[in-house]
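In the numbering used here, the protein residues as written are 114 to 250. One structure below.
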Amino acid sequence: MRAAVGALRFAFGVISGFASVAGLLALVGLYGVVSYVVDRRRRELAIRSALGADPAAVVRLVLREAAGVTACGVVVGALGAVVAGRALGAALSDVRPWDPLTLVAVTGLVLAGSAAAALIPALRAARSDVLGGLRTE
């Protein structure tokens, strides 16, 4: 019995480790994409700032776009989790098809992580030099 529980605990640890690395890679990827988009839109953001947009408006603009992408990913991921949960529930008798608390907790964690990953480039965009941004082509 202890060997079986130990094997399950080890498998759970390995799966949790891979899931954590995958989540971290997704956040790093989101940071990279948002940084790239901010860099490509540097001139536009500089024009907005020159025309009177305050830094908070620039941050909101960048975060709103990142939130849209994140929301699409969360919806697809939640639907995938429900479908996978039902498949596991049919295959295993003691597994609940989906747990609302887990789904909400993971969704909140993903939203918070993606907001933090997008906040760094958004703040950098808000603090960027307006004249330098207008000179770039």
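For each residue, glycine too, the CB sits at the ideal point set by N, CA and C.
Item	Value
Contacts around L176, its chain only, beta-carbon distance under 6 angstroms, and the 5 residues preceding and following it disregarded	A231 and A235
Cβ shell of A163 (< 7 angstroms), same chain only, five flanking positions each side left out	V243 and L247
Validate contact between the stretch 191 to 198 and the stretch 140 to 153 using beta carbons, cut 8 angstroms, 3 pairs	no
Presumed contact (8 angstroms Cβ cut-off) between S227 and A159, rounded CB distance	Rounded, the Cβ-Cβ distance is 25 angstroms, inconsistent with contact.
Proximity of A239 and V171 at Cβ, strictly below 7 angstroms	yes
Three-state secondary structure (DSSP) of S129	helix
Own chain, CB closer than 7 angstroms to A191, minus 5 neighbours either side, in chain order	L216 and T220
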